[in-house]
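Here the structure comes first, spelled out in structure tokens, and everything after it is commentary.
Numbering (the UniProt record's numbering), first residue to last: 1 to 300.
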């Protein structure tokens, strides 16, 4: 078995590569450029440097189709994050919406019958935990992709799961609006001050749990078009700061700014009906793992 991962050189992609290769599943990474820095940080240099790596742009169907040759499944992660979509909505739609359509089209053309893709907890607005009502371009684009996935199931029989992680944290997460908890862990390891750029509650989900869900989905047979909420634990940033001071009493971590423009949790769509129970690491444990990762990196 071989799996194409678009955007596989990024933070989440590297963790999914780690999970799949540990299981003996072959992986091909598709990225815009030859930049293996995050992969090296998460996987180590030996594995990162020997990865099957192809250059391509999800905005071009031919690039995706070429990358899929010889693969049995596809995991689609490539996309722009909230700030980039806010700054340039047209580019955000071209990458996040048209790019996702290109992945489904390439899967259809190459006979792949299952697509796993990254949706987001951002499909929910700030008020309703039952009904998606995004208030950002990023969330709107992700919700549109979920509708397209249903259409591809109904029209072409391509099964899919769109994972809706909320705030993913863990070793290697260093970009995006919600990277604050991870950057705080890195600052603790470095002995530096850091201010998390938002306050209030957010659903913190450890990256290893998200990667494990993708791994489970790759080896599970299913029909239909599904979405899976991965909210982790609803956690106030003051609780993150407290947990980090439990790890290191000298931690100089603060939080400032407005709360996130989305919910910290949501109801239903747990994925248990398709994948069974999924792992949910306690926040205190995930933060400790992340701090220790950065401490070990300093020693190396």
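For each residue, glycine too, the CB sits at the ideal point set by N, CA and C.
CB of residue i within 8 angstroms of CB of residue j, strictly
{"i": "residue 264", "j": "residue 176", "result": "no"}
{"i": "residue 32", "j": "residue 5", "result": "no"}
{"i": "residue 159", "j": "residue 225", "result": "yes"}
{"i": "residue 194", "j": "residue 184", "result": "yes"}
{"i": "residue 13", "j": "residue 77", "result": "yes"}
{"i": "residue 161", "j": "residue 190", "result": "no"}
{"i": "residue 74", "j": "residue 107", "result": "yes"}
{"i": "residue 170", "j": "residue 196", "result": "no"}
{"i": "residue 244", "j": "residue 250", "result": "no"}
{"i": "residue 2", "j": "residue 72", "result": "yes"}
{"i": "residue 205", "j": "residue 269", "result": "no"}
{"i": "residue 52", "j": "residue 29", "result": "yes"}
{"i": "residue 215", "j": "residue 68", "result": "no"}
{"i": "residue 150", "j": "residue 109", "result": "no"}
{"i": "residue 241", "j": "residue 187", "result": "no"}
{"i": "residue 137", "j": "residue 83", "result": "no"}
{"i": "residue 247", "j": "residue 283", "result": "no"}
{"i": "residue 207", "j": "residue 15", "result": "yes"}
{"i": "residue 102", "j": "residue 119", "result": "no"}
{"i": "residue 129", "j": "residue 123", "result": "no"}
{"i": "residue 135", "j": "residue 105", "result": "no"}
Supposed contact pair residue j and residue i - C-beta distance, whole angstroms, cut 8 angstroms
{"i": "residue 121", "j": "residue 266", "result": "7 angstroms"}
{"i": "residue 7", "j": "residue 79", "result": "7 angstroms"}
{"i": "residue 166", "j": "residue 86", "result": "With a Cβ gap of about 18 angstroms, residue 166 and residue 86 do not count as contacting."}
{"i": "residue 147", "j": "residue 262", "result": "That belief does not hold up - the Cβ atoms of residue 147 and residue 262 are roughly 19 angstroms apart, past 8 angstroms."}
{"i": "residue 276", "j": "residue 236", "result": "The pair is not a contact, with the Cβ atoms about 30 angstroms apart (cut-off 8 angstroms)."}
{"i": "residue 42", "j": "residue 157", "result": "About 35 angstroms separates the two Cβ atoms, so there is no contact after all."}
{"i": "residue 9", "j": "residue 40", "result": "Not really, about 10 angstroms apart at Cβ, beyond 8 angstroms."}
{"i": "residue 182", "j": "residue 174", "result": "7 angstroms"}
{"i": "residue 222", "j": "residue 280", "result": "That pair is no contact at about 21 angstroms."}
Endpoints, the alpha helix (DSSP H) within which residue i is located
{"i": "residue 182", "result": "180 to 190"}
{"i": "residue 69", "result": "No alpha helix (DSSP H) holds residue 69; DSSP gives it neither H nor E."}
Host beta strand (DSSP E) of residue i (start-end)
{"i": "residue 278", "result": "Residue 278 -> no beta strand (DSSP E), and no H or E assigned at all."}
{"i": "residue 52", "result": "52 to 55"}
{"i": "residue 201", "result": "201 to 206"}
{"i": "residue 164", "result": "159 to 165"}
{"i": "residue 270", "result": "Residue 270 -> no beta strand (DSSP E), and no H or E assigned at all."}
{"i": "residue 254", "result": "253 to 255"}
{"i": "residue 198", "result": "That residue, residue 198, is in no beta strand (DSSP E); it is neither H nor E in DSSP."}
{"i": "residue 326", "result": "Because the chain is modelled from 1 through 300, residue 326 falls outside the range shown and cannot be assessed."}
- Message: As an exercise, report each continuous beta strand (DSSP E) stretch of at least 3 residues that is fully enclosed by the segment 216 to 245, in chain order.
- Response: 225 to 230 and 233 to 236
- Any 3 or more C-beta pairs closer than 8 angstroms across the segment 90 to 103 and the segment 42 to 59: yes
- Message: Which runs of the alpha helix (DSSP H) at least 4 residues long sit entirely within the segment 14 to 45? Give them in chain order.
- Response: 37 to 43
- Taking the runs of the beta strand (DSSP E) that are 3 residues or longer, which of them lie wholly in the segment 78 to 138? 114 to 118
- Task: State whether the segment 210 to 224 contacts the segment 43 to 50, with contact taken as three or more CB pairs (one from each stretch) at a distance under 8 angstroms.
- Result: no
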